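Here is the structure we will look at, set down as structure tokens.
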Amino acid sequence: MTTLPVSVATTSGVALQVIDYRTSSLRSGPAPASGIVTLTFPQVADGQLWLVERITVTSTSSTNTAAVVYAGDIDTVNVVDGTNSGNLDIADELSAILVDSTLALTIAWSGVSVGKICTARIQYQIVQRG
């Protein structure tokens, strides 16, 4: 008989209870000369988690842009997703992105044409450990 590994979550009895399903959208102001635009969704409430299932990014930039998604501060250790097609791309997550309480989800574009607009939309579950 083959024994398969069991996840720690299963062995320790951790369960997640869905509180709500939501979508949220943000729109930037005009892009500055640096070409860097950031949008930050509100911080996850204490005691809750977000399971982000889908992210859509757009930009009206006339040049190609990149977009990077961070859970927490903008730092390479916090990168959870990204695209080199920041003018229009959709990430339909096979495995939801976990955003823990006290963290915020931030999306940062680079290469945005001056004065152009970026938008982001997320679809997520609000859950708590049960």
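Residues in the sequence shown are numbered from 58 upward in steps of one, following the numbering used here. We put the beta carbon where it would ideally sit given N, CA and C, even for glycine. As the structure is a computational prediction, the values presented were derived from the model and not from experiment.
Check: What are the boundary residues of the beta strand (DSSP E) that includes Ile154?; Outcome: 145-156
Check: If you draw a straight line from the C-alpha of Asn121 to the C-alpha of Val94, how long is it?; Outcome: 14 Å
Check: Is Ala177 closer than 8 Å to Leu83 when the C-beta atoms are compared?; Outcome: yes
Check: For Asp132 and Thr113, what's the separation of their Cα atoms in angstroms?; Outcome: 21 Å
Check: List in chain order: all unbroken alpha helix (DSSP H) runs of 4+ residues lying wholly within the segment 58-131.; Outcome: 65-68
Check: Where do the ends of the beta strand (DSSP E) carrying Leu160 lie?; Outcome: Taken as a continuous stretch (DSSP letters only), Leu160 belongs to no beta strand (DSSP E), as it is neither H nor E.
Check: In chain order, what residues of the same chain lie with their CB nearer than 8 Å to the CB of Val184, ignoring the 5 residues before and after it?; Outcome: Leu73, Gln74, Val75, Ile76, Gln105, Leu106, Trp107, Leu108
Check: How is Val137 classed by DSSP in three states: helix, strand or coil?; Outcome: strand
Check: Give me the Cα-Cα distance between Val137 and Gly129, rounded to the nearest whole angstrom.; Outcome: 10 Å
Check: Can you tell me which of Asp157, Ser85, Arg79 puts its alpha carbon nearest to the alpha carbon of Thr97?; Outcome: Ser85
Check: Buried or exposed: where does Thr115 fall if 16 or more other Cβ atoms within 10 Å of its Cβ makes it buried?; Outcome: buried
Check: Since Asn141 and Ala123 should fall inside the 8 Å C-beta cutoff, what is the C-beta to C-beta distance between them, to a whole number of angstroms?; Outcome: 5 Å
Check: Would you kindly check if the distance between the Cβ of Arg111 and the Cβ of Asp34 is under 8 Å?; Outcome: There is simply no residue 34 to check, as the chain begins at 58 and stops at 187 in what is shown.
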